[in-house]
Amino acid sequence: MIEHHPADPADPGDGREPDVLGSYLEFLRTRLGGERFEALVRAVQTACALLAEEHQVLLEVPGEGELTPDLRGEYLSLMAVMITGHLDHHLVELETPGGGKGWAVVENGRVRQQPPPAPQSTSPLGWDAEGRAWIDGQLDGIVRATDSTAP
11 MIEHHPADPA DPGDGREPDV LGSYLEFLRT RLGGERFEAL VRAVQTACAL
61 LAEEHQVLLE VPGEGELTPD LRGEYLSLMA VMITGHLDHH LVELETPGGG
111 KGWAVVENGR VRQQPPPAPQ STSPLGWDAE GRAWIDGQLD GIVRATDSTA
161 P
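Here my numbering runs 10 ahead of the position in the sequence shown, where the first position is 1.
Below you can see the structure in the form of structure tokens.
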């Protein structure tokens with residue numbers, strides 16, 4: 011499991027509401043450089059256009075072919091900042107049962123509650139006991155990975 015924690019480039023320290031997104035974009039532009047930053051912005055613009063057309067679920071990263079794996083992580087981090095207006099999240103890379111990889115965006119600062127017990131009947135998605143155990147293990151890993159002292 012790999013974690014990615016965005017930095018906090020937007021803290022003005024004077025009590026004003028920081029421009030989190032603007033500062034984060036400037037931080038990314040400096041860190042990524044022109045060509046990589048532009049590829050990231052194109053992917054985000056495409057996602058925003060799809061969401062504006064009432065696509066409620068994006069199953070793929072727009073422009074994924076031109077995004078390297080590290081830029082896919084940056085894409086998800088930037089989308090999380092755009093949606094929440096905060097930098098208090100982690101990206102956690104997960105392996106799927108088939109050997110593929112995916113990402114989970116997890117917010118910090120939430121009170122963690124015990125999940126309800128799993129139903130005894132077969133899942134409507136067709137998961138068997140092994141599949142449920144794998145999912146539970148991944149979720150436990152996310153909780154452990156995000157149980158930090160970060161604000």
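Beta carbons: idealized from backbone N, C-alpha and C, even for Gly. Small disclaimer: the values here were computed from a predicted structure and weren't measured.
Taking the C-beta atoms as reference points, His-96 is found no nearer than 8 Å to Val-116.
Per DSSP, reduced to three states, the secondary structure at Leu-31 is helical. The closest CA to that of Ala-114, considering only Leu-86, Gly-108, Gly-32, is found on Leu-86. Residue nearest to Cys-58 within the set Met-92, Pro-107, Gly-108 is Met-92 (criterion: CA-CA distance). A Cβ-Cβ contact shorter than 8 Å links Arg-46 with Leu-81. The Cβ atoms of Leu-88 and Leu-50 sit closer than 8 Å to each other. Apart from sequence neighbours up to five positions away, the residues of its chain that approach Val-30 with a beta-carbon distance below 8 Å are Ala-20, Val-91, Gly-95, His-96, Leu-97, ordered along the chain. Gly-83 and Leu-38 have their C-alpha atoms roughly 12 Å apart.
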